[in-house]
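Q: In this note's numbering, the protein residues as written are -8 to 565.
To start, I am sharing the structure in question, which I have written as structure tokens.
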């Protein structure tokens, strides 16, 4: 009786365990700018402007200009996070991270609908959870996760219709409501999916469509109306800006591949990246295909499986036409392929899955050891890295031996947990070398020189750095950015943050100066590894830091009271 209850508890707890692992292990990446994507500034700036203005329909840049290149949902994600946890790095990213967890849960549910198998649902969730595209996108405020989640909602609706061969209000709402959300997340890629899925259902199940043509037509019209709603509003308010910006971003000349050769190369590259990143789940499925080929062929003949595979192929074709392809661009098809992998693995012999995933786990354990070594190095600043590495290497055979006791589904869960633990430990190891963030450093320096952080700051440099200063000051500091020094009115005393060497020191005679570390100059892998082994990595990184210069008017310092300033004369304080 107790064994039965324990087994039932484990089955019920496995999805929450996966989601908790995902959120906990990626939380450090989401809560600080350990890794920062340059595109995040567009959505963060727009979210801050929405908070200031109360206009939640028209996304704007930091300078107040319209930014209509992307639809509105990613900006709402940022603003919702600010309202939930405050203006901060975590606030700008928390909703995207939660959307990543929702994508895993929805992959589980859609696979359950498609194959009516707990095993298929588990492996679909694990395959989606471990995919690099999700790990890259979820902890950052970029729209890829919005698009992927919305397309998966729509996918669930179409899979339900094809699997059950009936049309219900719930399936139609998911299919076309998710499609509308996807269009409002990133535009034309989502419209391609809705159009493809609708056409597939029409061709594959014509009798079903004929019997329910009015329901499909109504749902399609409602989807088009919701999808177009924001665009219609923007056309009424900012017609010329919308046409120029959105059209240029979606179908502008610079958006497409430069030659036919690039297109021909990028298509197999997309397929190859997907095959390699899903190989832990495809390899046991391929091995199982030898012994159960009839069962596998029956799966591939199912309409909902063909829908998922066809969408994946179509998306790779479309992606091959854009100017460049990165891993995160493939995220919209990752859940679809993860669901297919889950269905194939559900028909595999458990022994084949266990054997294959033990080797995957063996590959993951050294990554976990490296992450542990980085975490120790980051926490201590010295080099017990070798000791940690030796201990971790000794632990690998032990864990390898223990893994033989896991069931096939237990192997999948163990693999995903180990990969995420490696990400967590790696993040904790890197954090001491990149944090505090540049924006935090600037605000701290302003306090050190007794300047008022609420005073406007002129930044001469990377626009993303202006965004980071605004976030660190909780949007209290207004940052005016100029690309080149000559664009700024530097004759008037004002608080400046500029790249080192951008202006001669003689032009800043009326200012007091302080250095602000900001990232690192290029380093070779050999230098980094040698320094880490010798326990000198912290010193090497410190020697190769890039710096900005914070220049505060002497009048400003005098006005803000304390005479015990930490900056002496006109020398740069390090």
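Built from N, CA and C at the ideal position, the CB exists for glycine as well.
Under a three-way DSSP split, which group does residue 133 fall into?
A: In the structure shown, residue 133 sits in coil (DSSP, three-state: anything other than H, G, I, E or B).
Q: Spatial neighbours of residue 458 within its chain, please: C-beta separation below 6 Å, excluding the five flanking residues on both sides.
A: Closer than 6 Å at the Cβ level, and outside the excluded window around residue 458, lie 32, 35, 36.
Q: Quick check on the burial criterion: 16 or more other C-beta atoms within 10 angstroms. Buried or exposed for residue 320?
A: So residue 320 ends up on the buried side.
Q: Mapping the DSSP letters down to three states, classify residue 488 as helix, strand or coil.
A: If DSSP states are grouped into helix, strand and coil, residue 488 belongs with the strands.
Q: Check this for me: beta carbons of residue 504 and residue 449, under 8 Å apart or not?
A: No, Cβ-Cβ distance for residue 504 and residue 449 is not below 8 Å.
Q: Which one of 496, 453, 491, 428 has the shortest CA to CA distance from residue 464?
A: For residue 464, the nearest C-alpha among the options comes from 428.
Q: Enumerate in chain order the residues of its own chain whose CB-to-CB distance from residue 493 is below 6 Å, with the five nearest sequence positions on each side excluded.
A: Once the five neighbours on either side are set aside, the close Cβ partners of residue 493 are 451, 476.
Q: Suppose you measure from the CA of residue 555 to the CA of residue 439; what does that come to, to the nearest Å?
A: Here the model assigns residue 555 a pLDDT of 45, short of 50, so the residue's position is not dependable, and the following value carries that caveat. Approximately 10 Å, taken between the alpha carbons.
Q: For the alpha helix (DSSP H) that residue 161 lies in, which residues bound it at each end?
A: Note, residue 161: alpha helix (DSSP H), 160 to 163.
Q: Hey, which unbroken runs of the beta strand (DSSP E) at 3 residues or more fall wholly within the region -4 to 68?
A: Runs of the beta strand (DSSP E) inside the region -4 to 68: none found.
Q: Quick check on residue 167: buried or exposed, where buried means 16 or more other Cβ atoms within 10 Å of its Cβ?
A: Per the 10 Å Cβ criterion, buried.
Q: Have a look at residue 564 and residue 491 and give me their C-alpha separation to the nearest angstrom.
A: Here residue 564 scores only 42 on pLDDT, less than 50, and its place in the model should not be relied on; the value that follows carries that caveat. About 13 Å.
Q: I believe residue 403 touches residue 348 by the beta-carbon criterion, under 8 Å. Please report the beta-carbon distance rounded to the nearest angstrom.
A: Contact flag correct, Cβ pair sits at about 6 Å.
Q: Could you check what DSSP says for residue 542 in three-state terms: helix, strand or coil?
A: In this structure, residue 542 counts as strand in the three-state DSSP scheme.
Q: Just the C-alpha distance for residue 528 and residue 522, rounded to the nearest angstrom, thanks.
A: Looking at the two C-alpha atoms, the distance is approximately 5 Å.
Q: Which term fits residue 191, buried or exposed, when burial requires 16 or more other beta carbons within 10 angstroms of its beta carbon?
A: Buried, since its Cβ has 16 or more Cβ neighbours within 10 Å.
Q: Within the continuous beta strand (DSSP E) that includes residue 506, where are the two ends?
A: Taken as a continuous stretch (DSSP letters only), the beta strand (DSSP E) holding residue 506 covers 502 to 511.
Q: Determine, using beta carbons only, whether residue 328 and residue 269 come nearer to each other than 8 Å.
A: Their beta carbons are under 8 Å apart, which means residue 328 touches residue 269 by this criterion.
Q: So the alpha helix (DSSP H) residue 269 belongs to, where does it begin and stop?
A: From DSSP, residue 269 is part of no alpha helix (DSSP H); its letter is neither H nor E.
Q: Sorted by chain position, which residues of the same chain lie with C-beta nearer than 7 Å to residue 561's C-beta, five sequence neighbours on each side aside?
A: Unreliable positioning characterises residue 561 in this predicted model, as indicated by a pLDDT of 39, which lies under 50. The coordinate reading is nonetheless provided below. Once the five neighbours on either side are set aside, the close Cβ partners of residue 561 are 503, 504.
Q: Which residue from 46, 29, 224, 247 puts its Cα closest to that of residue 128?
A: Checking every option, the nearest Cα to that of residue 128 belongs to 29.
Q: Give a single yes or no on whether residue 517 has its beta carbon closer than 7 Å to a heavy atom of the ligand GTP.
A: The model depicted lacks the ligand GTP and carries no ligand whatsoever.
Q: With a threshold of 16 other CB atoms inside 10 Å of the CB of residue 432, please say whether the residue is buried or exposed.
A: Result: buried.
Q: Taking just the CA atoms, how far does residue 535 sit from residue 7?
A: If you take the alpha carbons of residue 7 and residue 535, they lie about 43 Å apart.
Q: In whole angstroms, give me the CA-to-CA distance for residue 509 and residue 183.
A: Roughly 41 Å between the two C-alpha positions.
Q: Can you give, in chain order, each stretch of the alpha helix (DSSP H) that sits fully within the region 279 to 327 and has at least 4 residues?
A: 284 to 291, 294 to 310, all fully within the region 279 to 327.
Q: For residue 419, name the three-state secondary structure that DSSP assigns.
A: Reduced to three states, the DSSP call for residue 419 is helix.
Q: Consult DSSP for residue 81 and reduce its assignment to one of helix, strand or coil.
A: Three-state result, residue 81: helix.
Q: Assuming residue 5 and residue 113 are in contact, meaning their beta carbons sit under 8 Å apart, how far apart are those beta carbons, in whole angstroms?
A: That pair is a contact at about 7 Å.
Q: Leaving aside the five residues before and after residue 486 along the sequence, list all residues of the same chain whose C-beta is less than 8 Å from its C-beta, in chain order.
A: Excluding positions up to five away in sequence, the list reads 437, 442, 446, 447, 448, 449, 541, 542, 543, 544, 547.
Q: The beta strand (DSSP E) spanning residue 448 covers which residue range?
A: Per DSSP, residue 448 belongs to the beta strand (DSSP E) from 448 to 451.
Q: Please confirm if the region 292 to 307 is in contact with the region 76 to 88, defined as three or more CB-CB distances below 8 Å between the two stretches.
A: In short, these stretches do not touch, since the Cβ pair count stays below three.
Q: Select from 346, 435, 25 the residue whose C-alpha is nearest the C-alpha of residue 401.
A: Comparing Cα-Cα distances from residue 401 to each of 346, 435, 25, the minimum goes to 346.
Q: Can you grab the Cα-Cα spacing for the pair residue 52 / residue 405, in whole Å?
A: Looking at the two C-alpha atoms, the distance is approximately 44 Å.
Q: For residue -8, which residues of its own chain have a beta-carbon under 6 Å away from its beta-carbon, when the five flanking residues on both sides are left out?
A: Because residue -8 carries a pLDDT of 38, less than 50, the predicted location of this residue cannot be relied on, and the following value inherits that uncertainty. Closer than 6 Å at the Cβ level, and outside the excluded window around residue -8, lies no residue.
Q: Is the CB-CB distance between residue 295 and residue 154 below 8 Å?
A: Their beta carbons are under 8 Å apart, which means residue 295 touches residue 154 by this criterion.
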